[in-house]
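Notes follow the structure.
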Amino acid sequence: MKPSIPRGTRDFGPAEMQKRQFIFNILKNNFQLFGYSPIETPSMENISTLTGKYGEEGDQLIFKILNSRIHESKDDKKETLRNEFNTSLEKSYNSELLTEKALRYDLTVPFARYVVMNNHTLTYPFKRYQIQPVWRADKPQKGRYREFYQCDADVIGSNSLINELELIAMIDKSFSELNIPVLLKFNNRKILSGIAEILNASDKIIDITVAIDKLDKIGKEGVIKELTEKGISAESIAQLEPLIDLSGTNENKVVVLKSFLQQSEIGKKGIEEIEFLLNNINTLSIKHITLELDITLARGLNYYTGTIFEAKANAGTFTPSILGGGRYDDLTGIFGLKGLSGVGISFGVDRIYDVMEELNLFPESVNRLSTTKILLANFGDAELLHCLGLVSKLRALGINAEVYPDVVKKIAKQFEYADKKQIPFVGVVGGNEMSNNTIMLKNMASGTQEELSIEQLIAHLS
RNA sequence: GUAGAUGUAGCUCAGUUGGUUAGAGCAUCGGUUUGUGGUACCGAGGGUCGAGGGUUCGAGCCCCUUCAUUUACCCCA
């Protein structure tokens, strides 16, 4: 049979892994630098843990796992299963009789589930990071995969906006180290709720933000047309006008929003939070990223209640977001633990990779196929045994070294191997070198070689 | 879900209005070189042209069906 992998999934070869790990390492270091501890959770969760947390669209994109040993069910149960299956063919329908498990859709909901289950062992505020793949049954396209890694950092059990500030600092530091120019958009769900409250249209708030978000694409008239189509009254649209025209600095936008939201308690709270962030952001010495208040940023995930974040590369043609996050006031409440507010962000490694590839941002040092520093050529059994002693000496000193395992007719083959793996040095130990206790060291880049003592070799490679 | 694009060698792709035995580059293997790679030269292997059906004396090319991949919209990391 012809081998293939499911669509939306990918294999990663050594060259790609080298670069992916470069990203993982930077993120992991920063997570630890800011005080987060690692956890892992299972790939699969009970389906009831996941459903209802991501909005209607999100729920449909959850990969479900068919119950195992369904065929062993009793006959009377089989009839029920058949009915459930038929129903699920007719409409979007979750039946726990068929699929009681599903692949995790993100890391935040499993984290909330973890917190509730481990409440008594945790010290709050609990700061965790988590680097694991998630799965979404989306149609794949550019920058969109069905299996991809998220790198999450969340603080739970703290209401303080200091957490938001720290996250912004960590985002800045991480993207600065990755050397990616980034536009970090932020907003606050309370402002969106406030706008809905003022317009008395809480069910239409998503339509409104989506429409205003298209301003760049379809112009002001297009936006007004779309709002009308969505059933927003002319009066409300007129009222909305200052928001459609919203522009300028973050501070200017706050002034406009303040007057718009005067009559909304929740809106005023949102403004207060935004102002706190803007007033204190300077003390963070943000050097790298650009911060922009964007009231059209809504984010589909149901659980967000306060600050929301989204980051995109500020250069090149790759437009999908590479980071998302926000505050959720009561995600653990669903699992029975009330009153724990959390805030977190998620880096999308796969998209960060795509951006870095496009902008050619990977440093030269990770653009190689292997980390081996020296290959010892194989001239036969006796020489090989001698070389094995030599490599273990080198490895003890932290020098990445390997031997060529097979005896081959043409020595050239071994040099070709080193060349293809981009190994910088090849050591040759034949009869002469063995009796002299030396090694012929060839520099693959320059093509030159010289006979060295073992001490000289070590000095050369260290 | 809606719309478009593409399926030819391991990979990237040519292939003329339908006409002999379907090509190239890269990769692989062998040789020029039995202690030396990357550059050069010579040679070899490798194809049910995505699958099924139709039109035709004749189909990689035209028609139908189907599958796969990919891009955009929606939503998302």
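Numbering-wise (the numbering used here), the first sequence opens with residue 1112 and increments by one. Each residue gets a CB set at the ideal place from its N, CA and C atoms; glycine is no exception. On a predicted model such as this, the values are computed, not experimentally measured, just so you know.
Identity of the residues DSSP links to residue i by a beta bridge
i     : result
K1296 : E1403 and E1421
A1213 : E1156 and K1175
L1434 : A1422 and F1458
I1267 : F1237 and G1453
R1486 : According to the sequence provided, residue 1486 is Leu. The question's Arg does not apply to it. DSSP output for L1486 lists E1513 and V1537 as bridge partner(s).
Q1261 : Q1243 and G1459
Y1439 : G1453
R1255 : Q1252
Where residue i falls, given that 16 or more other Cβ within 10 Å makes a residue buried
i     : result
S1304 : buried
T1407 : buried
K1524 : exposed
A1595 : There is simply no residue 1595 to check, as the chain begins at 1112 and stops at 1573 in what is shown.
S1370 : exposed
T1394 : exposed
Q1261 : buried
K1189 : exposed
R1118 : exposed
K1185 : exposed
Y1256 : buried
E1275 : buried
D1314 : exposed
K1284 : buried
G1381 : buried
E1068 : Residue numbering for the chain in the displayed model covers 1112 to 1573; residue 1068 lies beyond these limits and cannot be assessed.
I1291 : buried
K1164 : buried
S1115 : exposed
Y1439 : buried
Through-space distance from residue j to residue i, alpha-carbon basis
i     : j     : result
G1444 : W1246 : 24 Å
S1287 : M1467 : 12 Å
I1377 : N1311 : 13 Å
E1211 : M1155 : 10 Å
V1227 : N1390 : 34 Å
I1282 : F1135 : 14 Å
G1453 : L1272 : 10 Å
R1121 : F1429 : 19 Å
F1297 : K1484 : 45 Å
D1318 : N1413 : 15 Å
N1140 : N1230 : 26 Å
V1365 : V1293 : 22 Å
D1187 : D1405 : 56 Å
I1522 : N1489 : 8 Å
V1519 : K1130 : 33 Å
G1417 : G1333 : 29 Å
F1473 : Q1533 : 17 Å
L1326 : L1357 : 11 Å
A1345 : E1352 : 11 Å
S1159 : D1441 : 17 Å
F1133 : I1463 : 11 Å
T1219 : I1348 : 36 Å
H1579 : L1487 : Summary: the structure shown does not reach residue 1579, with the chain confined to residues 1112 through 1573, and so no result is reported for it.
Q1567 : T1482 : 21 Å
G1427 : V1537 : 40 Å
F1123 : F1259 : 12 Å
L1448 : L1289 : 38 Å
P1244 : L1172 : 15 Å
E1343 : L1144 : The displayed chain sequence assigns Ile, not Glu, to residue 1343. One C-alpha to the other measures close to 48 Å.
I1392 : D1530 : 50 Å
P1125 : E1168 : 36 Å
Checklist entry - Counting pairs of beta carbons, one from the region 1147 to 1161 and one from the region 1238 to 1246, are three or more of them closer than 8 Å? => result yes
Item to check | Ranges of the alpha helix (DSSP H) found wholly within the region 1334 to 1381, counting only runs of at least 4 | outcome: Inside the region 1334 to 1381, DSSP marks whole alpha helix (DSSP H) runs of 4 or more residues at positions 1345 to 1355 and 1361 to 1371, from first to last along the chain.
Checklist entry - Enumerated in chain order, which unbroken segments of the alpha helix (DSSP H) with a length of 4 residues or greater are wholly contained in the region 1508 to 1572? => result 1523 to 1531, 1542 to 1547 and 1565 to 1572
Checklist entry - Do the region 1491 to 1501 and the region 1541 to 1554 make contact, defined as three or more Cβ pairs closer than 8 Å? => result yes
Checklist entry - Three or more beta-carbon pairs under 8 Å between the region 1549 to 1561 and the region 1506 to 1516, yes or no? => result No: fewer than three Cβ pairs fall under 8 Å.
Item to check | Touch test, the region 1418 to 1427 against the region 1435 to 1444, Cβ-Cβ under 8 Å, three pairs minimum | outcome: yes
Item to check | Given 8 Å, three or more beta-carbon pairs between the region 1188 to 1197 and the region 1248 to 1266 | outcome: No, because fewer than three Cβ pairs between the region 1188 to 1197 and the region 1248 to 1266 fall closer than 8 Å, the two stretches do not touch.
Checklist entry - Does the region 1454 to 1466 come close enough to the region 1315 to 1324 to have 3 or more Cβ pairs within less than 8 Å? => result no
Next on the checklist: For a minimum of 4 consecutive residues, which ranges assigned as the alpha helix (DSSP H) are wholly contained in the region 1281 to 1333?
Outcome noted: 1300 to 1310 and 1316 to 1324
Checklist entry - Do the region 1212 to 1232 and the region 1170 to 1180 touch if we need at least three Cβ pairs shorter than 8 Å? => result Yes: at least three Cβ pairs fall under 8 Å.
Checklist entry - Which parts of the region 1117 to 1170 are runs of the beta strand (DSSP E), unbroken and 3 residues or longer, counting only runs that do not cross its ends? => result 1155 to 1157
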